[in-house]
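With the working numbering as the guide, the letters of the sequence shown map in order to residues 504 to 617.
Ideal Cβ placement from N, Cα and C applies to all residues, glycine included.
Below you'll find the structure, written out as structure tokens, and then a few comments.
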Amino acid sequence: GRFSMNENGELMSVEGHPVLDAGGAPIQLDPRNGPPKAGADGSLRQNEQLVGSIGLYNFDPGQNFVRYGNSGIVPARTPEPVTDRSDVGIAQGFVEESNVNPVLEMTRLIMVQR
């Protein structure tokens, strides 16, 4: 997702929701230390000092989860923090793309109409 630090040093999503650490607490930064840098493992640094870590969670949403906003999910069960981060990662400056190619899908839609 796209995150930014507000004037109070809170790391927020583009929709204004706090970004949580592995313990479920909102991430608090020091706005005087400049923008944070995210490592591939989710670590957050300001002025080369480790200041926190972005929480990564696994959960089975089941059938009773609630959607909100553009991409938010409230699971029916408590999510479990990811402890083995070897197969997941974070890339600063990138936004994950959709797994749909709109041009290809539009072409398929035209083919179906014929």
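Proximity of the segment 543–561 to the segment 509–527 meets the contact definition, three or more beta-carbon pairs being nearer than 8 Å. Looking at the backbone, the Cα of V517 and that of F506 are separated by about 6 Å. In the pairwise beta carbon analysis, the segment 604–615 is classified as not touching the segment 568–584: fewer than three pairs are separated by under 8 Å. About 12 Å separates the beta carbon of L547 from that of G537, a gap too long to meet the 8 Å contact definition. For G592, the CB contacts under 6 Å within the same chain, skipping 5 residues up- and downstream, are A543 in chain order.
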